[in-house]
Amino acid sequence: MFLIIDNYDSFVHNLARYFENAGQKTRIIRNDKITIDEIRALKPKALILSPGPRAPKDAGICVDAIKALCTEMPILGICLGHQAIGEAFGAETSRAGTPIHGKASEIKHNQKTIFKNLPTPMLVGRYHSLILEPAKDSPLNITARTTDDNEIMAVQHKNLPVYGLQFHPESILTSHGENLIENFIKLTANWHKNKNKNKLKSQPKAKAKAKDSKKEKVA
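Numbers in my numbering are just positions in the sequence shown, counted from 1, shifted up by 4.
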């Protein structure tokens, strides 16, 4: 199940439908109706932070959830969710030169991870008045920018499975929006697969330590 934190966005169900079209179950819970422990108890495959109005500080549990759960599950932030990722990792959020609502812009991206096998440049739908600006020493890599004014359109954490998209993949204005979501689903599956492999590798060591401990007691 993919858990979507709803930042009071009117199109959150369109986002959920993209996951469901890819064969995934979703659950939508508003940003002020759940706690970190409740998220953990649900055991979602990944956490999705939806678009929404206002600023990251107004996004309910989002920033705290990113900080608490970024090592426990993949996270995808969209628009306000993307800005919340920036807030969680020390980036600045500022007013865009021109607020953009319902505009298709061309972006160039790195063609990796969430953008794998997607054309660059490509068109994306934008609905935002804030932009993200990571600091020079930020743990966030910039993975996409607009071609006209070089504004940041996507970020990815250098070491953690955390991805941010300033634009809306669920918008009709975004080409390959469903492919972006499918890529995130694949990234999530691979992350869990590697996590389980690492668990299996560590088990023999733990058993060996337990045996050695028993031998010492007998001696």
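Ideal Cβ positions, reconstructed from N, Cα and C, are used throughout, including at glycine.
Since we're looking at a predicted model, the values are computed, not measured.
Shown here for R130: same chain residues with a beta carbon closer than 6 Å to its own, the five before and five after excluded, namely I104, K107, S109 and F171 in chain order.
If you draw a straight line from the Cα of I146 to the Cα of F119, it is about 12 Å long. When the Cα atoms are used, W195 and G64 turn out to be separated by approximately 27 Å. Rounded to whole angstroms, the gap between the alpha carbons of I32 and N18 is 11 Å. Annotation for N18: the continuous alpha helix (DSSP H) segment containing it runs V16 to N25. Straight-line spacing of the CA atoms in G181 and D41 works out to 31 Å. By the neighbour-count criterion, in which 16 or more other beta carbons inside 10 Å mark a residue as buried, L46 falls on the exposed side. Annotation: the continuous alpha helix (DSSP H) that includes A45 extends over I40 to L46. It is roughly 7 Å from the alpha-carbon of L191 to the alpha-carbon of T117.
For the pair E174 and Y22, the CB atoms are nearer than the 8 Å cut-off. The secondary-structure analysis by DSSP pairs V67 with nothing; it has no beta-bridge partner. In this structure, L144 lies near V159, with their beta-carbon atoms less than 8 Å apart.
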